[in-house]
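In the working numbering, the protein residues as written are 339 to 938.
Ideal Cβ positions, reconstructed from N, Cα and C, are used throughout, including at glycine.
The next block holds one structure in the form of structure tokens; read it before the comments.
This is the structure in structure tokens:
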């Protein structure tokens with residue numbers, strides 16, 4: 339894992355090097371720069387594969403320059419297909435060789451996670467991996483085109499900092515800004531599965547990958563589905579165990595982390611595992627469950643305890659690592675967990691993101707599927723009028739209102755502030771269903787695909803937004819803030835394609851979460867783990883925010899900006915103290931912090 343950075347066009351060398359230095363945490367092992375007139379092409383390296391100096395980047399071959407962040411897990415197999423005089427044992431050189439053979443289609447051959455900058459003469463290509471594990475940001479002004487792995491590498495080139503309202507509105511709706519938006523007006527991001535071409539100052543962006551291109555229901559037999567899933571999942575985990583640097587794994591009390599550790603041990607890798615606990619709040623604590631899981635799996639486990647003081651003190655570092663608002667309070671404890679992992683000397687960590695979205699691990703998926711049936715109710719126009727006349731902030735009210743309005747029901751698992759809630763809170767008009775514009779391209783692709791089952795839509799939009807722009811953004815920033823590479827075996831594109839090719843009813847017909855995965859793991863992982871109630875990565879963030887007094891920041895910033903209606907804001911704050919709308923308030927706190935830091 340590393341940082342990529344570049345400028346095509348006029349630049350000030352001192353300013354460029356300063357911007358690059360802001361990304362040094364992502365790759366502290368080596369800094370490489372290729373520069374000439376109208377070109378500054380750079381790389382901050384975190385050595386994981388072939389740590390030798392020969393593999394330092396940017397890599398240069400004839401008129402090609404490469405700066406690459408990520409891991410290509412099948413690079414050794416690809417080497418065998420390529421007629422190239424290799425000088426290194428790195429996956430980076432394979433990318434150049436693959437490009438020379440297949441052109442931009444080389445990206446279809448890669449199995450891994452990546453953000454790639456490849457300069458071929460005067461043409462620049464930027465690629466973001468299929469499922470959005472690695473970030474890639476860019477901007478363009480009259481002087482130059484700029485790209486970087488994190489926003490902080492681009493902000494020095496902004497003439498003025500202004501908030502992008504589309505980023506703010508999509509953030510309130512879906513926990514993170516939707517592509518191409520960032521909170522900084524002028525800075526954009528590539529979406530998962532996209533690549534950008536810069537040729538003669540003109541930018542074009544195309545999609546090279548879409549999960550929906552998978553043929554639906556190729557597998558209709560449950561036993562066949564489970565057999566193929568196990569083979570693919572085991573292969574995915576095995577590939578991610580290859581590293582020249584020490585590897586650890588996260589362990590909760592749940593199925594996903596247990597699965598990774600089970601198959602790692604089957605491969606002969608007894609990974610050190612890490613678990614979070616909370617000093618003052620036992621109800622959020624997973625240490626006891628994780629300890630039991632570790633014993634049953636036969637792996638070593640270290641518990642890291644967090645208290646209010648540590649949580650609050652870490653928030654500043656976390657918000658700085660994130661660059662822009664991201665509504666996930668778990669980012670703070672995860673940051674502290676990676677701090678402990680770094681102290682123990684690990685550079686690679688395996689994590690279980692993606693399992694819930696692929697195998698329907700959230701109970702609310704089943705609630706949505708049930709509510710979808712209300713579309714077929716007789717006399718629903720009467721119900722439509724009734725719901726319209728009796729507004730409620732309750733999420734179930736919003737769900738039924740959407741169904742009776744014949745609007746899109748499921749809008750990601752991160753669906754937070756509804757448009758009507760935003761209209762009441764913000765000192766601006768927000769029309770009902772206005773936020774659908776941020777999902778429109780995804781929904782159109784689904785409706786134009788061969789897939790018709792709404793559960794596939796749930797997985798598809800969650801993988802593209804709830805995972806790529808929310809969970810994976812969090813994981814990348816807090817791990818890379820500690821120069822640690824995170825690997826997510828469930829988010830292997832071959833595994834995702836396999837799930838999308840299975841008759842979707844096999845995932846939910848028995849009304850059990852992760853039904854296929856649990857069947858796969860039967861007689862492998864102890865039933866205590868398989869039947870344990872899902873806890874998620876919950877933590878006492880609201881208790882900490884209230885007890886520390888930091889919650890007052892929201893109203894303090896609002897007095898300066900007038901962004902929110904005071905009466906409505908007060909109602910939310912009262913509700914949070916009573917245990918309701920907690921993540922809504924955390925989102926407003928994170929937004930307020932960013933406004934204070936960047937705009938006031």
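Asked: Would you identify the three-state DSSP class for residue 547, choosing helix, strand or coil?; Found: coil
Asked: Quick one: give me the first and last residue of the beta strand (DSSP E) that residue 670 is part of.; Found: Counting along the chain, residue 670 falls outside any beta strand (DSSP E), though it belongs to the alpha helix (DSSP H) covering 669-681.
Asked: Which first and last residues belong to the beta strand (DSSP E) in which residue 642 is found?; Found: 639-644
Asked: What did DSSP end up calling residue 986 once you bin it into helix, strand or coil?; Found: There is simply no residue 986 to check, as the chain begins at 339 and stops at 938 in what is shown.
Asked: Within a Cβ cutoff of 6 Å, which residues of the same chain sit near residue 863, ignoring the five residues on either side of it in sequence?; Found: 596, 600
Asked: I need the boundaries of the alpha helix (DSSP H) containing residue 723, first residue and last residue.; Found: 718-727
Asked: Compute the beta-carbon to beta-carbon distance between residue 430 and residue 344, rounded to the nearest angstrom, for a pair I have assumed lies under 8 Å.; Found: About 15 Å; that fails the 8 Å criterion.
Asked: By the 10 Å Cβ neighbour count, where 16 or more other Cβ atoms means buried, how is residue 932 classified, buried or exposed?; Found: buried
Asked: Residues in the same chain with beta-carbon distance under 6 Å from residue 644, minus the five sequence neighbours each way, listed in chain order, please.; Found: 616, 671, 674
Asked: Less than 7 Å between C-beta atoms, sequence neighbours within five positions excluded: which residues of the same chain meet that for residue 578?; Found: 411, 688, 825, 827
Asked: What are the start and end residues of each continuous alpha helix (DSSP H) run of 4 or more residues lying completely inside the segment 754-842, in chain order?; Found: 757-763, 778-785, 792-799, 810-818, 831-838
Asked: What is the DSSP secondary structure of residue 452, counted as helix, strand or coil?; Found: strand
Asked: Taking residue 431 as part of the alpha helix (DSSP H), name the residues at either end of that continuous run.; Found: 429-440
Asked: Which residue comes first and which comes last in the beta strand (DSSP E) that contains residue 869?; Found: Residue 869 -> no beta strand (DSSP E), and no H or E assigned at all.
Asked: Are residue 477 and residue 467 closer than 7 Å when you measure CB to CB?; Found: no
Asked: Could you check whether residue 444 and residue 436 sit closer than 7 Å to each other, using their CB atoms as the reference points?; Found: yes
Asked: Cβ of residue 661 within 7 Å of Cβ of residue 488?; Found: yes
Asked: DSSP three-state call for residue 916: helix, strand or coil?; Found: coil
Asked: Which residues bound the beta strand (DSSP E) around residue 903?; Found: That residue, residue 903, is in no beta strand (DSSP E); it is neither H nor E in DSSP.
Asked: What number of angstroms, rounded off, separates the C-alpha of residue 797 from the C-alpha of residue 808?; Found: 14 Å
Asked: State the Cα-Cα distance for the pair residue 922 and residue 884, rounded to the nearest angstrom.; Found: 14 Å
Asked: If you measure from the beta carbon of residue 885 to each beta carbon in chain C, is any gap under 7 Å?; Found: The structure shown contains no chain C, having only a single protein chain.
Asked: Where does the unbroken beta strand (DSSP E) through residue 686 begin, and where does it stop?; Found: 686-688
Asked: Report the rounded CA-to-CA distance for residue 574 versus residue 830, giving the unit in angstroms.; Found: 6 Å
Asked: Quick check on the DSSP output: what are the complete alpha helix (DSSP H) runs of length 4 or more inside the segment 553-631, in order along the chain?; Found: 560-577, 593-604
Asked: Could you please give me the residues that DSSP links to residue 524 through a beta bridge?; Found: Looking at the DSSP assignment, residue 524 forms no beta bridge with any residue, so it has no partner.
Asked: Kindly indicate the opening and closing residues of the alpha helix (DSSP H) around residue 873.; Found: No alpha helix (DSSP H) contains residue 873, which DSSP labels as neither H nor E.
Asked: For residue 509, count neighbouring C-beta atoms within 10 Å of its own C-beta (all shown protein chains included) and say buried if the count is 16 or more, exposed if not.; Found: buried
Asked: Hey, quick one: how far does the alpha helix (DSSP H) through residue 709 stretch, first residue to last?; Found: 701-710
Asked: Counting C-beta neighbours from all protein chains within 10 Å, is the total for residue 381 16 or more, i.e. buried, or is it exposed?; Found: buried
Asked: Report yes or no: do the segment 678-693 and the segment 580-594 share at least 3 C-beta pairs separated by less than 8 Å?; Found: yes
Asked: According to DSSP, simplified to helix, strand and coil, what is residue 885?; Found: helix
Asked: How many angstroms separate the CA atom of residue 697 from the CA atom of residue 523?; Found: 37 Å
Asked: So, for residue 516: in the same chain, excluding its five sequence neighbours on each side, which residues have a beta-carbon less than 7 Å away from its beta-carbon?; Found: 508, 776, 803, 807
Asked: Give the DSSP-derived three-state secondary structure of residue 862 in the structure shown.; Found: coil
Asked: Closest by CA to residue 372, which one among 886, 355, 691, 361?; Found: 355
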